[in-house]
Amino acid sequence: SGTLCETLLMVQAFLANVIFPNKHEDEQYKYTNDGHLLVSETYVGASVEALESGVFRSDIPCRFKIVPETIQYLIDN
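The sequence shown begins at 1 in the numbering used here and counts up one residue at a time.
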């Protein structure tokens with residue numbers, strides 16, 4: 001998980017005497033713009049997009065053409 005990875009990186013940085021920032025902690029209570037306590041924070045209609053890393057066929061422009069004679073040559077040999 002992300003928390004485990006973050007913790008392991010912080011331990012390794014400490015052991016190597018590397019300076020790293022303190023872990024960010026969210027505020028215990030959140031308030032609306034007019035000062036009221038925010039009980040729950042939800043988003044209606046939001047969507048999450050999962051990004052995939054890698055190289056995909058659509059990323060590489062190429063023209064593809066099947067030559068029947070070449071296919072037959074490969075079958076025969």
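Idealized CB from N, CA, C, for every residue including glycine.
> Can you tell which of S53, Q12 and T32 has the C-alpha that lies nearest to the C-alpha of T42?
Replying inline: T32
> Just curious, the alpha helix (DSSP H) that I75 is in, first and last residue?
Replying inline: P68 to D76
> Beta carbon of D76: closer than 7 Å to some heavy atom of the ligand GDP?
Replying inline: For the structure depicted, the ligand GDP is absent and the ligand set is empty, with no information on it obtainable.
>> Using CA atoms only, rank isn't needed, just tell me which of Q72, G2, G54 and S53 is closest to K23.
In response: G2
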